[in-house]
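Asks: Below is the structure I would like to discuss, written out as structure tokens.
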């Protein structure tokens, strides 16, 4: 089973749980896709997507409420993922995801 498909991620940040929806697929050894988030203005395309087996990473660029690039580093286990989100200089926060 691949990581291709629709995923819903929850980032457990100090300001509360943040949701991110990503449509992703592996393409020529890279991870490509689009994303959206509630309450934030973000670029629709994921950036610098990488995939190596069940290990994935990508960046999301946010414009509001704070302009920054957030890096997600994840491990896939079937229809779920877990890992860390690093939003700019604001530390690292746990992330969980499920296939939707």
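Residue numbers (UniProt numbering): 1 to 100. C-beta: ideal position from N, C-alpha, C; glycine also.
1) Does the separation of the CB atoms of residue 47 and residue 59 fall below 8 Å?
2) To the nearest angstrom, how far is it from the Cα of residue 36 to the Cα of residue 82?
3) Short of 6 Å in beta carbon distance, which residues of its chain neighbour residue 9, apart from the five on each side in sequence? Order them along the chain.
4) Between the alpha carbons of residue 84 and residue 92, how many angstroms are there, rounded?
5) Along the chain, where does the beta strand (DSSP E) containing residue 87 start, and where does it finish?
6) Just reading off the beta strand (DSSP E) that residue 51 is part of, what are its end residues?
7) Pick helix, strand or coil for residue 11, following the three-state DSSP scheme.
8) Under a three-way DSSP split, which group does residue 2 fall into?
9) When you compare only the Cα positions, how much space is there between residue 72 and residue 57?
Replies: The structure says:
1) One-based indexing of the chain shown puts residue 47 at position 47. One-based indexing of the chain shown puts residue 59 at position 59. Against a cut-off of 8 Å, the Cβ pair of residue 59 and residue 47 comes out as a contact.
2) Within the chain shown, residue 36 is the residue found at index 36, counting from 1. Within the chain shown, residue 82 is the residue found at index 82, counting from 1. Approximately 19 Å, taken between the alpha carbons.
3) Within the chain shown, residue 9 is the residue found at index 9, counting from 1. Hits under 6 Å: 20, 95, 97.
4) Here residue 84 refers to the residue found at position 84 when the chain shown is read from its first residue. Here residue 92 refers to the residue found at position 92 when the chain shown is read from its first residue. Taking the straight line from one Cα to the other gives about 6 Å.
5) Mapped onto the chain shown, residue 87 falls at position 87. 80-87 is the span of the beta strand (DSSP E), which, as asked, contains residue 87.
6) As a working note, residue 51 is residue 51 in the chain shown. Segment 47-52, the beta strand (DSSP E) holding residue 51.
7) Working through the chain shown from its first residue, we reach residue 11 at position 11. In the structure shown, residue 11 sits in a strand (DSSP, three-state: E or B).
8) Taking the chain shown and counting its residues from 1, the one referred to as residue 2 is at position 2. In the structure shown, residue 2 adopts coil according to DSSP, grouped into three states.
9) One-based indexing of the chain shown puts residue 72 at position 72. One-based indexing of the chain shown puts residue 57 at position 57. Computed Cα separation, rounded: 5 Å.
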